[in-house]
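Report on one structure; see the data block that follows.
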Amino acid sequence: HRMGRMTLGIAWAVIGVGLTATRADEFAPPIAPANLTESVSNDAGASSDLPIHEVGRGSRTADRQFYISGMIGPSFATVSSPGDGSLTSNDTLFNAGGAIGIAFERARGRLRLETEGMGRSTYDAPFASAPTPLATTILTSNWSVMENLWRDVMITERVGVYGGGGIGAGGYVFSAQTGGITDTTPADANFAWQVGGGLLWEITERLTFDVGYRYFQIDTIDQMAAVEPNQFNASELMFTLRLYEPFRRWSR
């Protein structure tokens, strides 16, 4: 019984201390502004190591995002021979390709690094000043692989502009047709580069559409004695649909 009374007394003492502390808090003077400022500063310092994410512009939360792109458009192409101006021709081609890349969040936009593959339809055009009747240039298996760097700058929440370029390689199979006789050379390739820019529209947080202009060129290819050295260049209008984090559903 004595032990029970002692335990009960201790319990009541603890409760009494708790009630006393509660009442003291209720009637305690407010925290001085200096102490409040110090408290806020301490809280801010404690959380300074937490990652900071940009707010707005589609509620993005990732500093970098993986994306895939699909693109199509016309190519207004020219094939010329640097040593002979009469061996020049022009044709309009159809382009189709794709890209995979990483986008890094930047002030008012993104910085995008991507690998792009492009294929072009058959080029078949007569020389502008044919040295002989019915002389034409034919390019088949026209391809390019580029490493591009693009900078997106947003003008509004959803609309922006972009610019950049890339370097890589491109090639084709060259054929020259004269008087119904076609001479075809083996496939060849050379250094390629491009620059361009355009407008973009963020349809949703993850889906972007852009339309842009590019100047694309493959440096002079020399098929030795078979034909004259030739160079491919084009002004291209590209329509691109870009999807960010395409595998998000499966990564959850």
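Be aware that the sequence shown starts at 16, since it is given in the working numbering, and climbs by one per residue.
All C-beta atoms, glycine included, are put in the ideal place defined by N, C-alpha and C.
Boundaries (first-last residue) of the beta strand (DSSP E) holding E131: By one-based count along the sequence shown, residue 131 stands at place 116. Note, E131: beta strand (DSSP E), G124 to R135.
State the DSSP-derived secondary structure class of R264, mapped to helix, strand or coil. Here residue 264 is taken as the residue at index 249 of the sequence shown, counted from 1. Helix.
From R264 to G175, what does the alpha carbon distance come to, in whole angstroms? Mapped onto the sequence shown, residue 264 falls at position 249. Mapped onto the sequence shown, residue 175 falls at position 160. R264 and G175: Cα-Cα distance of roughly 27 Å.
I'd like to confirm something about D139: is its beta-carbon nearer than 6 Å to some heavy atom of the ligand ZN, or not? The model on display carries no ligand, and the ligand ZN is accordingly not part of it.
Can you tell me whether Y228 is buried or exposed? The criterion is at least 16 other CB atoms within 10 Å of its CB, across all chains shown. Reading the sequence shown from its first residue, position 213 is the one you call residue 228. It counts as exposed.
R79 versus M133 - alpha carbon distance: Here residue 79 is taken as the residue at index 64 of the sequence shown, counted from 1. Here residue 133 is taken as the residue at index 118 of the sequence shown, counted from 1. Spanning the two alpha carbons is a distance of roughly 25 Å.
Taking P177 as the reference, give the member of L164, V242, V188 and I196 with the closest Cα. Here residue 177 refers to the residue found at position 162 of the sequence shown. Inspection of the sequence shows that residue 177 is occupied by Tyr rather than by Pro. When each option's Cα is compared against that of Y177, the closest is L164.
Helix, strand or coil, according to DSSP, for E243 in the structure here? Here the question's residue 243 lines up with position 228 in the sequence shown. Coil.
To the nearest whole angstrom, what separates the beta carbons of I87 and F189, a pair I think is in contact under 8 Å? In the sequence shown, residue 87 corresponds to position 72, counting from 1. In the sequence shown, residue 189 corresponds to position 174, counting from 1. 25 Å between Cβ atoms; not a contact.
Use the C-beta contact count for I236: other C-beta atoms within 10 angstroms, 16 or more gives buried, fewer gives exposed. The count along the sequence shown starts at 1 and reaches residue 236 at position 221. Answer is buried; the Cβ neighbour count reaches 16.
To the nearest angstrom, report how far apart A122 and R257 are at their CA atoms. What you label residue 122 is simply residue 107 of the sequence shown in a count that begins at 1. What you label residue 257 is simply residue 242 of the sequence shown in a count that begins at 1. Taking the straight line from one Cα to the other gives about 20 Å.
Suppose the cutoff is 6 Å on Cβ atoms and the five residues either side in sequence are ignored; what does the same chain contact list for V268 look like? What is shown of the chain runs 16 to 267, which leaves residue 268 out entirely.
Report the residue from I218, P261 and S136 whose alpha carbon sits nearest the alpha carbon of A249. Looking up residue 249 in the sequence shown gives position 234. Among I218, P261 and S136, the Cα nearest to that of A249 belongs to S136.
Contacting residues, own chain, Cβ-Cβ under 8 Å from S96 (five flanking each side not counted): To locate residue 96, count along the sequence shown from 1; it is residue 81. L102, T103, E243, P244, N245 and Q246, listed in sequence order.
Could you give the residue range of the beta strand (DSSP E) that holds E120? Along the sequence shown, read from residue 1 onward, the residue named residue 120 stands at position 105. D99 to R121 is the extent of the beta strand (DSSP E) around E120.
For the beta strand (DSSP E) containing I153, name the first residue and the last one. Along the sequence shown, one-based indexing puts residue 153 at 138. It spans T151 to M169 - the beta strand (DSSP E) in which I153 sits, taken as one unbroken run.
Suppose contacts are defined by Cβ-Cβ distances below 7 Å. Is Q209 in contact with F231 by that definition? Within the sequence shown, residue 209 is the residue found at index 194, counting from 1. Within the sequence shown, residue 231 is the residue found at index 216, counting from 1. Against a cut-off of 7 Å, the Cβ pair of F231 and Q209 comes out as a contact.
Please classify I87: does DSSP put it in a helix, a strand, or coil? Residue 87 sits at position 72 when you count from the first residue of the sequence shown. Reduced to three states, the DSSP call for I87 is strand.
Among residues of its own chain, excluding the 5 on either side of D106, which ones have a beta-carbon nearer than 6 Å to its beta-carbon? Translated into the one-based positions of the sequence shown, residue 106 becomes position 91. Only A92, Y138 and A140 meet the Cβ criterion.
Check whether the Cβ atoms of S144 and A207 lie closer than 7 Å to each other. To locate residue 144, count along the sequence shown from 1; it is residue 129. To locate residue 207, count along the sequence shown from 1; it is residue 192. Against a cut-off of 7 Å, the Cβ pair of A207 and S144 comes out as no contact.
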